[in-house]
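Trainee: Chains as they are written, first to last, in this note's numbering: chain V, 1116 to 1281; chain L, 14 to 431; chain H, 14 to 431.
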Amino acid sequence: MKNFPLSLPVLAALACFGLAMGVFVWTSDALAYAGTRAETCNNCHVMHPMYENYYHAAHEQWAECADCHLPHENVFSYYFEKGRQGMHDVYVFSTGATPELIRANEHSQEIIQGNCIRCHNETVETVMMGPQPYDRNCWDCHRAVSHGERGLSTSPYQDSSLYPVK
Amino acid sequence: FMKNNPAQERALLPLVEIAPMEPDSAKWGVNFPSQWNSLQKTETNNIDTAYAGSSAFSWLERDPRQVILFAGYPFSKDYNDDRGHMNALEDVRATKRLNLNDEDPKRTPATCYSCKSSNNPGLWEEMGMAEYDAMSFNEMTPNINNAIGCSNCHEAGTMRLIVTNPALNEALEAQGKDWTTFTRQEMRTVVCANCHVEYYFDGPGKYLTFPWTNGTRVDQIISYYEEEGFSDWTYPEAGTPMLKAQHPEYEFFTAGSTHYNAGVSCADCHMPYVRDGAAKYSSHDVHSPLINPEQACGQCHTDVNYVVGRVATIQEQVAVTKIAAEDALIDAINAIQLAAANPNADAALLDQARALHRKAQFMWDFLSAENSTGFHNPEYALKICAEATNLARQAQMLAAQSVNDPSLLTTGTYYTTP
Amino acid sequence: FMKNNPAQERALLPLVEIAPMEPDSAKWGVNFPSQWNSLQKTETNNIDTAYAGSSAFSWLERDPRQVILFAGYPFSKDYNDDRGHMNALEDVRATKRLNLNDEDPKRTPATCYSCKSSNNPGLWEEMGMAEYDAMSFNEMTPNINNAIGCSNCHEAGTMRLIVTNPALNEALEAQGKDWTTFTRQEMRTVVCANCHVEYYFDGPGKYLTFPWTNGTRVDQIISYYEEEGFSDWTYPEAGTPMLKAQHPEYEFFTAGSTHYNAGVSCADCHMPYVRDGAAKYSSHDVHSPLINPEQACGQCHTDVNYVVGRVATIQEQVAVTKIAAEDALIDAINAIQLAAANPNADAALLDQARALHRKAQFMWDFLSAENSTGFHNPEYALKICAEATNLARQAQMLAAQSVNDPSLLTTGTYYTTP
Ligand SMILES: [Ca+2]
Ligand SMILES: [Ca+2]
């Protein structure tokens, strides 16, 4: 392969595709998915309970979803994981295979744990005791920290002011 | 609740208007197909769990001690596990506990339909509960053609949860409670108390009554029955005036259980929200939550395997302790029977023995007839069981004293007598 | 744990180097002032809770039934509630349970110091536990000059949690367990099992032994003692070979409790993290979590009032059921004593009565000596209690049968005898 044959039809096709993508991205606000706003995650209504509970919990003013749910070692792992997770979420959502209970898998638990420590390093330095493996999650104790009183409630009456429980 | 909560406004206007107390659930189902579809599933459910589930397995076969414990009472003939709501009518008509001889003063009254049909709210409204209850089961049968349905729990039109059973209304009133002021979350428990409660038939009119005047704890219910001088039957050859307990889920659960104190309701576990495409609705397919723990428990507990494991641990311990109480009761019954057969028995001591037998067996039954094998309130279950065993042993001892014969003290009679 | 976990690296280098098994906690405290300061607080704590707390109130005064239950054994002379770790030495030296007459074959052995001092790890290393235990309490006293401290739980240098008591190591080995492979979270419970466990002194060398070969459930421990033919004392006038249970918190908590199954450790509740400026550290001020429930329960349970209320509900039910078991035991003891005094008693039946008395009382004691009034494992507590009561009543019945005398069946003797 010495000369890359850029024929006109190919170029035109690429241009059209680029334009189509551009329009798609512009009209659908898809670029938002490259950002970090919590509201973006909430675009999916299946994320709504998490959003509601997050919004009413302690971190609303400090952290976005991505601050906890994406790795922050470097920019590559950040965007790689963002792409991977995003594709997964979209795939599952659009194929209608959304499970009854959405739960963080082990891989994302590791990511979240890393982020807790990233922000709270100073606080937990003494008890983390350096690189010693920490065999439980921060939210085993701080059960309310991310998504409300009892872990993640997906039942509407518990997170909606429309339905006061008592 | 009624007073505090406005009728819900719905995005979709109802397709059809539903008459007040409409007995036919299919009509309501036009407006609410998800709820109606899920309710219909209760008819064919038959998955079993370790200690319960939806098949009508026989308790008398599973635990033959109960044949002895209920001797002389219809429950010794036929006692099955409960099935889904849509089977209520079929099952009440099929049970061998019925006495359909209308000439017999012990004929089964219409009252037995009280918790089995969506026709009831309309009938009670029409004729009043006293009149309803005074009829015989046979006489009532033609009026009853729907199993449990929407009208047992909901007000047509507003769809609010309501107390439909006059006996519940009266029992709450007797305690100075007004259910129309309850919160929505409270109603999600109280609506089950229309039926899942201990009851008795008061007087010759067989008036449906919940024995709650002194409170809903087991000792308060016993004290109520003492005051009323009520008994369900007399134990053959022992002469004990017995009490039968029936499905006191409500009384059990609300007696300071972990979940009740935490504000959890019956509907949270037995009618969890499920998804139908985008919308959520309460599953009306009511059954053991162990069949769908992801939905029933997972909304609150992130580790579903863990909580299901806990249920097993709790139920195992309760089941073992319950059997020990039954063995003690059977020993006591044998002793009392022997003493009663002895003409020289000290009547006062023997009566004391009977009083303890009555109390012990009601306590055991309160726990046993409660359908969660203790899970609804584990500490209460075990505490009651400990007390029932203690009292049963004391009953046995009193029987032996009444005839001055220590040979009545044999234990483990269930295993040794043929 | 040791095998899986690298030694800790710390941001701050230690200020001083600590000798292995250093008994003086103050020296460790130079490096870790927060931990040391909080440990020292255990010396002066004296807030009480409904059923426990940090004052040394007398159980024998609070519940005089126990004077009867421990008759003939030193526990009937002096038995107080436990206090904080820094008092261990003072309290073991002050108790009237000691027998300091070295000529007496029943003299108190050095083994009683095993769980009271940070000198032990060094002494055991130096002389071996067999030699340590063979000495008398008196003889050991000069070697012991520190209460419980860092060296009882930590490895100097790395600060890792370790098993320091050879008896625990041996008991785990007997079950085929290797603590060095445990996770950190497991160690946060196991480190308490150095002391908060049932134990006995094996043979004339008074060798400290945990009776776990068959397992750590109460029936497995009883079966172990049966096999060993061990007994702590003989009940006066009844002749029952008795067993005394002591603080089996570890066995109790790990027997499938809610919290243990959920992966919660002793340290989570009794040594919650507290803040020192920005950083947090484990509070070494170990006491009842009801004194600081905000910290002890609040991170996991956001509604602290609710969980504290639950503890009260659970403890109340356990306390009542426990007293009922004690009453049954006292009735049994009276009956056995009367039967034993009767020369015509059927020896076989009487021995059966004693066997049940032995078992029933150990079960009750297992729950009673466990210091949480059931909270560590409510269902287990109540199940054991129910069984103890049942067995005690059966013991009484057998005693009556052995002399063919129903007058031994009197109940409530605790209330009627002077
Ligand atoms: Ca059933
Ligand atoms: Ca204490």
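Here a beta-carbon is modelled for each residue, glycine too, at the ideal position from N, C-alpha and C.
Give me the residue from H:D378, H:L221, H:A354 with the minimum Cα distance to H:D418.
Mentor: As a working mapping, residue 418 of chain H is identified with position 405 in the third sequence. That would be H:A354, whose Cα lies nearest to the Cα of H:D418.
Trainee: Helix, strand or coil: how does DSSP classify H:M172 here?
Mentor: In the third sequence, the residue the question calls residue 172 of chain H occupies position 159. Coil, per DSSP.
Trainee: May I have a chain-ordered list of the beta strand (DSSP E) segments no shorter than 3 residues that lie completely inside the region 308-366 of chain L?
Mentor: Listed in chain order, nothing qualifies, since the region 308-366 of chain L has no complete beta strand (DSSP E) run of 3 or more residues.
Trainee: Considering only the alpha carbon of each residue, which of H:S130, H:I343, H:D76, H:T386 lies closest to H:T429?
Mentor: Here residue 429 of chain H refers to the residue found at position 416 when the third sequence is read from its first residue. For H:T429, the nearest C-alpha among the options comes from H:I343.
Trainee: By a C-beta neighbour count over all protein chains shown, 10 Å radius and 16 as the cutoff for buried, is L:P118 buried or exposed?
Mentor: As a first step, residue 118 of chain L must be located in the second sequence, where it is residue number 105. Exposed is the call here.
Trainee: What residue range is occupied by the uninterrupted beta strand (DSSP E) comprising H:A222?
Mentor: To locate residue 222 of chain H, count along the third sequence from 1; it is residue 209. According to the sequence displayed, residue 222 of chain H carries Thr and not Ala. First-last of the beta strand (DSSP E) with H:T222: 220-222.
Trainee: Taking C-beta to C-beta, are L:A373 and L:A341 nearer than 9 Å?
Mentor: Counting from one through the second sequence, the residue named residue 373 of chain L turns up at place 360. Counting from one through the second sequence, the residue named residue 341 of chain L turns up at place 328. Closer than 9 Å, so yes.
Trainee: Excluding the 5 residues flanking H:D95 on each side, which residues of the same chain have their C-beta closer than 7 Å to its C-beta?
Mentor: Numbered from its first residue, the third sequence carries residue 95 of chain H at position 82. Hits under 7 Å: N384.
Trainee: In terms of alpha-carbon separation, which member of L:D359, L:R367, L:A32, L:V324 lies closest to L:G170?
Mentor: As a first step, residue 170 of chain L must be located in the second sequence, where it is residue number 157. The shortest Cα separation from L:G170 among L:D359, L:R367, L:A32, L:V324 belongs to L:A32.
Trainee: What residues of chain V sit near L:G311, judged by a beta carbon separation below 7 Å?
Mentor: Numbered from its first residue, the second sequence carries residue 311 of chain L at position 298. Correct list: L1216.
Trainee: Between L:T202 and chain V, is any beta-carbon pair separated by less than 9 Å?
Mentor: Here residue 202 of chain L refers to the residue found at position 189 of the second sequence. With 9 Å as the cut-off, L:T202 does not count as an interface residue toward chain V.
Trainee: Does the structure place the region 271-282 of chain L close enough to the region 360-375 of chain L that three or more beta carbon pairs sit under 8 Å?
Mentor: Segments in contact, no.
Trainee: Taking any Cβ of chain L, which residues in the region 345-366 of chain H have a Cβ under 8 Å from it, in chain order?
Mentor: The region 345-366 of chain H vs chain L, Cβ under 8 Å: nothing.
Trainee: List the residues of chain H that L:C398 touches, going by C-beta distances under 9 Å, in chain order.
Mentor: Here residue 398 of chain L corresponds to residue number 385 of the second sequence, with the count starting at 1. By Cβ distance, chain H contributes L395, K396, A399.
Trainee: Could you have a look at V:D1250 and say whether DSSP puts it in helix, strand or coil?
Mentor: On the first sequence, position 135 is the one that residue 1250 of chain V refers to. The answer is coil: DSSP assigns V:D1250 none of H, G, I, E or B.
Trainee: For my contact list, L:I304 and L:T62 are in at a C-beta cut-off of 8 Å; report their separation, rounded to the angstrom.
Mentor: Taking the first residue of the second sequence as 1, we reach residue 304 of chain L at position 291. Taking the first residue of the second sequence as 1, we reach residue 62 of chain L at position 49. Rounded, the Cβ-Cβ distance is 7 Å, consistent with contact.
Trainee: Where does L:S67 sit, in a helix, a strand or coil, going by DSSP?
Mentor: Within the second sequence, residue 67 of chain L is the residue found at index 54, counting from 1. The answer is coil: DSSP assigns L:S67 none of H, G, I, E or B.
Trainee: Closest to L:V333 by CA distance: which of L:N50, L:L380, L:N347, L:Q233 is it?
Mentor: The residue given as residue 333 of chain L occupies position 320 in the second sequence. Closest option to L:V333, Cα to Cα, is L:L380.
Trainee: Just to check, is the beta-carbon of L:G218 closer than 8 Å to a non-hydrogen atom of ligand 2?
Mentor: Within the second sequence, the letter at position 205 stands for residue 218 of chain L. No, the Cβ of L:G218 stays beyond 8 Å of every heavy atom of ligand 2.
Trainee: Per DSSP, which residues does H:N93 bridge with? Please list them.
Mentor: Counted from its first residue, the third sequence places residue 93 of chain H at position 80. Answer by DSSP bridge pairing, in chain order: H:S71.
Trainee: Can you name the residues of chain L whose CB is closer than 7 Å to the CB of H:D91?
Mentor: Here residue 91 of chain H corresponds to residue number 78 of the third sequence, with the count starting at 1. Within 7 Å Cβ-Cβ: nothing; H:D91 doesn't reach chain L, min ~30 Å.
Trainee: So, is the C-beta of V:H1171 closer than 9 Å to a C-beta in chain H?
Mentor: On the first sequence, residue 1171 of chain V is found 56 positions in, with the first residue counted as 1. No, V:H1171 lies away from the interface with chain H (no Cβ there is under 9 Å from its Cβ).
Trainee: Does the distance between the C-beta of H:A94 and the nearest non-hydrogen atom of ligand 1 fall short of 8 Å?
Mentor: Taking the first residue of the third sequence as 1, we reach residue 94 of chain H at position 81. According to the sequence shown, residue 94 of chain H is Asp rather than Ala. Not under cutoff, so the answer is no.
Trainee: Tell me which same chain residues have a C-beta within less than 7 Å of the C-beta of H:A123, skipping the five on either side of it?
Mentor: The residue given as residue 123 of chain H occupies position 110 in the third sequence. Once the five neighbours on either side are set aside, the close Cβ partners of H:A123 are Y145, D146, M148, S149, F150, E152, M153.
Trainee: Quick check: the Cα distance between L:A292 and L:S47, rounded to an integer number of angstroms?
Mentor: The residue labelled residue 292 of chain L in the question sits at position 279 within the second sequence. The residue labelled residue 47 of chain L in the question sits at position 34 within the second sequence. Roughly 10 Å separates the two Cα atoms.
Trainee: Spatial neighbours of H:H297 within its chain, please: C-beta separation below 7 Å, excluding the five flanking residues on both sides.
Mentor: The residue labelled residue 297 of chain H in the question sits at position 284 within the third sequence. Same-chain partners within the cutoff: Q48, S51, L52, M284.
Trainee: Quick one: Cα of H:E30 to Cα of H:N44, how far?
Mentor: Numbered from 1 along the third sequence, position 17 holds the residue referred to as residue 30 of chain H. Numbered from 1 along the third sequence, position 31 holds the residue referred to as residue 44 of chain H. Roughly 9 Å between the two C-alpha positions.
Trainee: Would H:S295 pass as an interface residue toward chain V - the criterion being a Cβ-Cβ separation below 9 Å?
Mentor: Within the third sequence, residue 295 of chain H is the residue found at index 282, counting from 1. Yes, contact with chain V.
Trainee: Rounded to a whole number of angstroms, what is the C-alpha to C-alpha distance between H:R110 and H:P87?
Mentor: Counted from its first residue, the third sequence places residue 110 of chain H at position 97. Counted from its first residue, the third sequence places residue 87 of chain H at position 74. Taking the straight line joining both Cα atoms gives about 5 Å.
Trainee: When the distance is taken between beta carbons, is L:T202 closer than 9 Å to L:C313?
Mentor: The residue given as residue 313 of chain L occupies position 300 in the second sequence. The residue given as residue 202 of chain L occupies position 189 in the second sequence. Cβ atoms of L:C313 and L:T202: not closer than 9 Å.
Trainee: Buried or exposed: L:T194, going by 16 or more other Cβ atoms within 10 Å of its Cβ?
Mentor: Taking the first residue of the second sequence as 1, we reach residue 194 of chain L at position 181. Per the 10 Å Cβ criterion, exposed.
Trainee: Can you grab the Cα-Cα spacing for the pair L:Y263 / H:Y248, in whole Å?
Mentor: Counted from its first residue, the second sequence places residue 263 of chain L at position 250. Counted from its first residue, the third sequence places residue 248 of chain H at position 235. In a straight line, the C-alpha of L:Y263 is about 46 Å away from that of H:Y248.
Trainee: Using a Cβ cut-off of 9 Å (strictly closer), state whether V:H1203 contacts chain H.
Mentor: The residue you call residue 1203 of chain V lines up with position 88 of the first sequence. No, its Cβ sits nowhere closer than 9 Å to a Cβ of chain H.
Trainee: Between L:G66 and ligand 1, is there a pair consisting of the residue's CB and a ligand heavy atom that are separated by less than 8 Å?
Mentor: Locating residue 66 of chain L in the second sequence gives position 53, where the first residue counts as 1. Checking every heavy atom of ligand 1 against the Cβ of L:G66, one is found closer than 8 Å.
Trainee: Once the 5 residues before and after H:P306 are set aside, which same chain residues still bring their CB inside 8 Å of it?
Mentor: Taking the first residue of the third sequence as position 1, residue 306 of chain H is located at position 293. The answer, listed in chain order, is V317, V320, V321.
Trainee: Count the other CB atoms within 10 Å of the CB of H:A412; is the residue buried (16 or more) or exposed (fewer)?
Mentor: For the purposes of this step, residue 412 of chain H is identified with residue 399 of the third sequence, where counting begins at 1. Classification for H:A412: buried.
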